[in-house]
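Participant: First residue of the sequence shown? That's 34 in our numbering, and the numbers climb one at a time after it.
By construction, the Cβ of each residue, glycine as well, lies at the ideal position given by its N, Cα and C atoms.
Because the structure is a prediction, the values reported are computed rather than measured.
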Amino acid sequence: MKTVIVTMPMKGAVYSLQYPVKGNSAIEYDGKVMFPINGILAKTLQPKEKVKIIFIVTLGGENMGNEYVKKFKDELLHVTSGINPDISEDIIELPFEPEKKVFEFLLNQLIEKIGKDTEVIADITYGSKPFPFILLCALNFADTFNNVSVLYILYGKIDFPPKPYNPMIYDITSIYYLQKLIGAMENRDAETALKMLNDVFTL
34 MKTVIVTMPM KGAVYSLQYP VKGNSAIEYD GKVMFPINGI LAKTLQPKEK
84 VKIIFIVTLG GENMGNEYVK KFKDELLHVT SGINPDISED IIELPFEPEK
134 KVFEFLLNQL IEKIGKDTEV IADITYGSKP FPFILLCALN FADTFNNVSV
184 LYILYGKIDF PPKPYNPMIY DITSIYYLQK LIGAMENRDA ETALKMLNDV
234 FTL
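(1) Could you check which residue in His111, Lys55, Ile87, Asp232 has the C-alpha nearest to that of Glu145?
(2) What is the DSSP secondary structure of Met229, reduced to helix, strand or coil?
(3) With Lys190 as the anchor, note down where its beta strand (DSSP E) starts and where it stops.
(4) Given this structure, state the Cα-to-Cα distance separating Lys133 from Gly115, to the nearest angstrom.
(5) Looking only at its chain, what residues have a beta carbon closer than 7 Å to the beta carbon of Leu169, apart from the 5 residues adjacent to it on each side?
(6) Could you compute how far the alpha carbon of Leu67 sits from the alpha carbon of Gly56?
(7) If we count the other Cβ atoms within 10 Å of its Cβ and call it buried at 16 or more, is Ser182 buried or exposed?
(8) Hey, could you find the ends of the beta strand (DSSP E) Leu109 is sitting in?
(9) According to DSSP, what are the bridge partners of Val66?
(10) Ignore the nearest five residues each way along the sequence and tell me which others in Asn71's own chain have a CB closer than 6 Å to its CB.
(11) Looking only at its chain, what residues have a beta carbon closer than 6 Å to the beta carbon of Ile94, apart from the 5 residues adjacent to it on each side?
(12) For Ser161, name the three-state secondary structure that DSSP assigns.
(13) Taking the alpha-carbon positions, what's the Asp192 to Tyr159 distance?
(14) Is it buried or exposed, Ile85, if we count other Cβ atoms within 10 angstroms and call 16 or more buried?
(15) Return the chain-ordered list of same chain residues with a C-beta closer than 6 Å to the C-beta of Pro118, the five sequence neighbours on each side being excluded.
(16) What are the boundary residues of the alpha helix (DSSP H) that includes Glu152?
(17) How is the beta strand (DSSP E) around Leu92 delimited, first residue to last?
(18) Out of Leu92, Ile167, Leu143, Phe178, point me to the one whose CA is closest to Glu126's CA.
Quick look at the structure:
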């Protein structure tokens, strides 16, 4: 089973584009999508595979998050129509407030909804700035205690203005493993630890 975590836009002007994948053409989708992760899912899901989508909806800005949940689901069904995955969903709604109580709520919700014995793909393209920090904490917990593995953490980038161009998906999964590595370095000296960190970027 796969679990997908995706942040929803808070306002309009989300564009349907073809996203190349930096460094991993095997997961590159040749069609246009509004949500970069949908292209990845079209390429990686197996026929009738179980997949749970966890939507992160921030209630702020133009408050369009729940509208984009529907657009996401419609797009995913379209791009995976040939493989018919078994899709379920959860929604986590958050106030647009970078406060400790919001972080605590999100962390606990993510750990609960990710569950156990699953493979995670996450997309941080949209959403609030603090979200990636909480996501890393939740994934670290789930990986350590709940037999969860992290397949991909993705970021979709677009250049502006005057209109969107140069779209690209970046696989930033290595950043997740980098912070796990740092946590395991307490018995290393600083010079050795720094070399280990730099070695990660040569992989």
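Facilitator: This is what the structure holds:
(1) Here the closest residue by C-alpha is Ile87.
(2) Judged by DSSP in its simplified three-state form, Met229 adopts helix.
(3) Unbroken beta strand (DSSP E) run through Lys190: 182 to 192.
(4) The straight-line gap from Cα to Cα measures roughly 43 Å.
(5) Around Leu169, the same chain offers Tyr209, Gln212 as residues with beta carbons nearer than 7 Å, after the five sequence neighbours per side are excluded.
(6) A small correction: the amino acid at residue 67 is Met; Leu does not occupy that position in the sequence shown. If you take the alpha carbons of Met67 and Gly56, they lie about 21 Å apart.
(7) Ser182 is exposed by the Cβ-count criterion.
(8) Premise fails: Leu109 lies in the alpha helix (DSSP H), 98 to 112, not in any beta strand (DSSP E).
(9) Beta bridge pairing from DSSP links Val66 with Leu50.
(10) Closer than 6 Å at the Cβ level, and outside the excluded window around Asn71, lie Glu108, Leu109, Val112.
(11) According to the sequence as given, residue 94 is Gly; it is not Ile. The answer, listed in chain order, is Met43, Lys44.
(12) Ser161: coil per DSSP, three-state reduction.
(13) Linking Asp192 to Tyr159 through their CA atoms gives a straight-line distance of about 14 Å.
(14) The amino acid occupying residue 85 in the given sequence is Lys; Ile does not appear at that position. The residue in question, Lys85, is buried, as its Cβ has 16 or more Cβ neighbours within 10 Å.
(15) Within the same chain, Pro118 has close Cβ partners Leu78, Glu82, Val84.
(16) Judged by DSSP secondary structure, Glu152 falls outside any alpha helix (DSSP H) and instead within the beta strand (DSSP E) spanning 152 to 156.
(17) Counting along the chain, the beta strand (DSSP E) containing Leu92 begins and ends at 83 to 92.
(18) With respect to the C-alpha of Glu126, the residue from Leu92, Ile167, Leu143, Phe178 having the closest C-alpha is Leu92.
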